[in-house]
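The next block holds one structure in the form of structure tokens; read it before the comments.
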Amino acid sequence: MMRKIGILSIASPDDGGVYQYTLSLLEAVKFISGKFKFVQIRYPDFPKILEDDVVIYKNSSINLKIRQVVHVYFDLVFGNLAPKVDVDLIISPSITLLPFHMKKQYIVTIHDFQHEYYPEFFSFKEKISRKVVYKTGQKASLVICESNYVKQDVIRFLKVPDRKIKVLPAPPPRYIREVKISEDKLEQVRGKYSLPSQYLFYPAQFWYHKNHIKLLESIKLIKSKYNISIPVIFVGSKKNNFENVMKKIHELGLSKQIKYLGYVPQEDMPYLYKLSTALVMPTLFESVSIPIWEAFYLGVPVVSSNVCALPEQVGDAGLLFDPNNIEDMAEKILTIWTNEELRIKLSQRGYERVKGLTIENYATQWRKILEEIINGKL
Numbered sequence: 007m008m009r010k011i012g013i014l015s016i017a018s019p020d021d022g023g024v025y026q027y028t029l030s031l032l033e034a035v036k037f038i039s040g041k042f043k044f045v046q047i048r049y050p051d052f053p054k055i056l057e058d059d060v061v062i063y064k065n066s067s068i069n070l071k072i073r074q075v076v077h078v079y080f081d082l083v084f085g086n087l088a089p090k091v092d093v094d095l096i097i098s099p100s101i102t103l104l105p106f107h108m109k110k111q112y113i114v115t116i117h118d119f120q121h122e123y124y125p126e127f128f129s130f131k132e133k134i135s136r137k138v139v140y141k142t143g144q145k146a147s148l149v150i151c152e153s154n155y156v157k158q159d160v161i162r163f164l165k166v167p168d169r170k171i172k173v174l175p176a177p178p179p180r181y182i183r184e185v186k187i188s189e190d191k192l193e194q195v196r197g198k199y200s201l202p203s204q205y206l207f208y209p210a211q212f213w214y215h216k217n218h219i220k221l222l223e224s225i226k227l228i229k230s231k232y233n234i235s236i237p238v239i240f241v242g243s244k245k246n247n248f249e250n251v252m253k254k255i256h257e258l259g260l261s262k263q264i265k266y267l268g269y270v271p272q273e274d275m276p277y278l279y280k281l282s283t284a285l286v287m288p289t290l291f292e293s294v295s296i297p298i299w300e301a302f303y304l305g306v307p308v309v310s311s312n313v314c315a316l317p318e319q320v321g322d323a324g325l326l327f328d329p330n331n332i333e334d335m336a337e338k339i340l341t342i343w344t345n346e347e348l349r350i351k352l353s354q355r356g357y358e359r360v361k362g363l364t365i366e367n368y369a370t371q372w373r374k375i376l377e378e379i380i381n382g383k384l
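Under this note's numbering, the sequence shown has 55 at position 49, and the numbering climbs by one with no breaks.
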């Protein structure tokens, strides 16, 4: 019997990695045929990816209000407004009450428990909302995580048994995997953004936990201590710490070294990676870093913080530092900046770590999970 699987598509590009994760999942299920029929359950502003789709909350003003409630308040509004969708199972690429209120069996991906580690980064309402919404993980048929680190947090904070959790990292986004780098386009992008011959690249939205400030302080330390000016290129949405970061750039006298590009078209992103000397990832909290997978895939060396799942993800393919220690950060950045032989070695190791994360392998693992769910083995 054909089983209908609904895939929630409710993230926006401003949601960061969750949006790209949803796109990768939708791409993967196209490779799964046979006993499953996939239906995309999407907000009106989420792109239609699958042939079969159901648009929920079609009124744009209602959609906006619902989204605000989901992300800022209690998510409980779905108790009365949950849409009726004819599916046997729902896959939710992020934690939300929607599948719970739709009264369907569901699989949910939990990306992190940042609110448990850094509650100061969240408003009171956001903390309460997360506490309520995350409880739905206990009712899921299966919880998906992208790292063993998050799996242990699911066990610790939600008391979900080990057998109901699967670790399944997603591959890099399609626009990274399928790009054909050309020399002409490299020079075009360099000219378009007036990029220096060497720079560190940090693609991250300006949330507090992305730790832009400490990165700036480490860059200033390198300049003061070693008289080496390292340019850094920022891209990412202007989230809650943006103004503080811009102010800090001026306070430290780094305006000539730090460049914020604003919105960057997706097709330019692979070239910004390839033109860079290294990716820097100074984040205070990360379950799995999509930019690290992207850098690995494109052969770009990585220097990263040593928090959460990042040591698990990076392994021996990058340099790691304490994100709260600007001396340690500066030392690792300077090492990767000045050692070309090391950069070549790390970029080779990085590609070895990521090359198995293909969309075909990802689809195969999802097929196995769905078959086990349907057959009652999970």
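Just so it is clear, CB atoms sit at the ideal spot from N, CA and C, and this is done for glycine as well.
Owing to the predicted nature of the structure, the values given are computational and were not obtained by experimental measurement.
To the nearest angstrom, how far is it from the Cα of residue i to the Cα of residue j?
{"i": "Asn-367", "j": "Ile-55", "result": "20 Å"}
{"i": "Leu-260", "j": "Ser-224", "result": "11 Å"}
{"i": "Ser-353", "j": "Val-61", "result": "42 Å"}
{"i": "Phe-8", "j": "Phe-37", "result": "One point to set straight first is that residue 8 is Met, not Phe, in the sequence displayed. Using only the alpha carbons, I get a separation of about 16 Å."}
{"i": "Arg-169", "j": "Ile-255", "result": "48 Å"}
{"i": "Arg-349", "j": "Pro-307", "result": "6 Å"}
{"i": "Ser-30", "j": "Pro-177", "result": "7 Å"}
{"i": "Thr-370", "j": "Ala-34", "result": "9 Å"}
{"i": "Leu-326", "j": "Lys-338", "result": "7 Å"}
{"i": "Gln-101", "j": "Tyr-303", "result": "Contrary to the premise, residue 101 reads as Ile rather than Gln in this sequence. Approximately 28 Å, taken between the alpha carbons."}
{"i": "Val-173", "j": "Ile-97", "result": "15 Å"}
{"i": "Lys-3", "j": "Ala-336", "result": "Any question about residue 3 goes unanswered here, given that the chain covers just 7 to 384."}
{"i": "Leu-95", "j": "Lys-157", "result": "22 Å"}
{"i": "Tyr-208", "j": "Tyr-123", "result": "23 Å"}
{"i": "Met-252", "j": "Leu-285", "result": "20 Å"}
{"i": "Lys-110", "j": "Asp-51", "result": "24 Å"}
{"i": "Lys-10", "j": "Asn-381", "result": "14 Å"}
{"i": "Glu-378", "j": "Asp-334", "result": "46 Å"}
{"i": "Ser-235", "j": "Thr-283", "result": "14 Å"}
Mapping the DSSP letters down to three states, classify residue i as helix, strand or coil.
{"i": "Thr-102", "result": "coil"}
{"i": "Pro-276", "result": "helix"}
{"i": "Gln-263", "result": "coil"}
{"i": "Lys-109", "result": "coil"}
{"i": "Ile-13", "result": "strand"}
{"i": "Met-7", "result": "coil"}
{"i": "Thr-28", "result": "helix"}
{"i": "Asp-51", "result": "coil"}
{"i": "Val-45", "result": "strand"}
{"i": "Leu-304", "result": "helix"}
{"i": "Leu-56", "result": "coil"}
{"i": "Phe-240", "result": "strand"}
Can you round the beta-carbon distance between residue i and residue j to whole angstroms, since I take them to be within the 8 Å contact cut?
{"i": "Leu-258", "j": "Leu-201", "result": "At roughly 21 Å, the Cβ-Cβ gap does not stay under 8 Å, so Leu-258 and Leu-201 are not in contact."}
{"i": "Phe-291", "j": "Asp-21", "result": "Going by Cβ atoms, the distance from Phe-291 to Asp-21 rounds to 16 Å, so no, they are not a contact pair."}
{"i": "Gly-12", "j": "Val-93", "result": "4 Å"}
{"i": "Gln-263", "j": "Val-238", "result": "6 Å"}
{"i": "Pro-288", "j": "Leu-221", "result": "4 Å"}
{"i": "Glu-300", "j": "Tyr-279", "result": "6 Å"}
{"i": "Gly-362", "j": "Gly-324", "result": "That belief does not hold up - the Cβ atoms of Gly-362 and Gly-324 are roughly 17 Å apart, past 8 Å."}
{"i": "Ile-47", "j": "Val-91", "result": "6 Å"}
{"i": "Tyr-27", "j": "Ser-18", "result": "Not confirmed; about 13 Å, so no contact."}
{"i": "Leu-104", "j": "Leu-32", "result": "That belief does not hold up - the Cβ atoms of Leu-104 and Leu-32 are roughly 17 Å apart, past 8 Å."}
Check: With a cut-off of 8 Å, do at least 3 Cβ pairs link the stretch 192-212 to the stretch 316-323?
Finding: no
Note to self: Pairs of beta-carbons, one from the stretch 171-185 and one from the stretch 336-347, closer than 8 Å: are there three or more?
What the structure shows: no
Note to self: Just to confirm the assignment: which complete beta strand (DSSP E) runs, minimum length 3, are found wholly within the stretch 197-229?
What the structure shows: 206-209
Checklist line | Cβ contact (3+ pairs, closer than 8 Å) linking the stretch 260-273 and the stretch 292-303 | finding: no
Margin query: Check whether the stretch 146-163 and the stretch 126-138 are in contact - that is, three or more C-beta pairs closer than 8 Å.
Written below: no
Checklist line | Entirely enclosed beta strand (DSSP E) segments - the stretch 311-350, minimum 3 residues | finding: 324-327
Margin query: List, from N- to C-terminal side, the alpha helix (DSSP H) runs of 4 residues or more that fit wholly inside the stretch 126-156.
Written below: 130-140
Note to self: Restricting to runs no shorter than 3 residues, where is the beta strand (DSSP E) found entirely within the stretch 164-197?
What the structure shows: 171-173
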